[in-house]
Every structure is written in C-alpha cells, then in structure tokens.
Amino acid sequence: MQLIYMAIVLYAPALALSQTTGLNIWVSVVSIGVICTFYSSVGGLKAVIWTDVLQSVVMLGGLLPAIIQGLILVGGFKRVFTIADKGGRIEFDNVSFDPRTRHTIWGVVIGSTFNALADYGRSRW
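Residue numbers (mature numbering (1 follows the signal peptide of the UniProt record, and there is no 0)): -18 to -1, 1 to 107.
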C-alpha cells in the first residue's frame, strides 16, 4: 500500500513539472525525489512543518476571497441557504434506516468508522 502511495506522491508533482517545463518525466521524477529528500534531510522536520504552514496560509489566502466573492455574487449567506433549502440540499436530521436513502446520519457514522479502521489499521511505515 505504501509503495503505491509513494509512487503517486512522486509522480503527481513530477508530471506537473514535466508539463510546465518540458522535461522528460523520468528526469522530473528523479529531480522531485532528490530535491524533497535533500530538503527534508537538511532542513529537518522543522523546515517541512514551516513549509506546510506557508502552504496553508497561501491556500486560505486564495480560498477566503473566493468564498467572499461567491457570497457577494449570490446575494449573501442567507441567500445561499435559501437556495440550498429550495433544492433539498439541507438534511441535517435524516436518521432513516432505509438503505435507499442517499445520505443519512447512520451512513456518515458507519462510513466514518470504516474509514478510521482503514486509516489506523494499515501500516504507517
């Protein structure tokens, strides 16, 4: 499982690098692997954590203006909930046991349980 995960973690940014720079995909994979290994080993966990913090700030810095602009264009937070309610999208209290119902509280509880078992039950290293 970890082998497939690591392959995807290396291949996805290498594919993006290859598409944007025109490098061969194998050169991109090796470059990403070497750069990330060097960065992590020289900077240590502290450098990796600060990079994650910076990435979070950048993502939130892009997400918040997009949400605010979307709310302004639609007509406000109340209008969003009005549209969602008219479309039948707000169902917080659905405790049906009917298996034909798409989303219920029980589906979330059971699904989250299996997700947690899969997440904590597999090998981490």
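All C-beta atoms, glycine included, are put in the ideal place defined by N, C-alpha and C.
### Task
Please name the residue, chosen from Asn76, Gln1 and Met(-13), that lies closest to cysteine 18 on a Cα-to-Cα basis.
Closest by alpha carbon: Met(-13).
### Task
To the nearest angstrom, report how far apart phenylalanine 79 and threonine 86 are at their CA atoms.
Those two C-alpha atoms are separated by around 8 Å.
### Query
Going by alpha carbons, who is nearest to alanine -7 out of Val11, Gly4, Gln(-17) and Leu(-16)?
Here the closest residue by C-alpha is Val11.
### Query
By DSSP, does valine 77 sit in helix, in strand, or in coil?
Valine 77 falls in the coil class under three-state DSSP.
### Buried versus exposed, by CB contacts within 10 Å (16 or more), alanine -5
By the 10 Å Cβ count, alanine -5 comes out buried.
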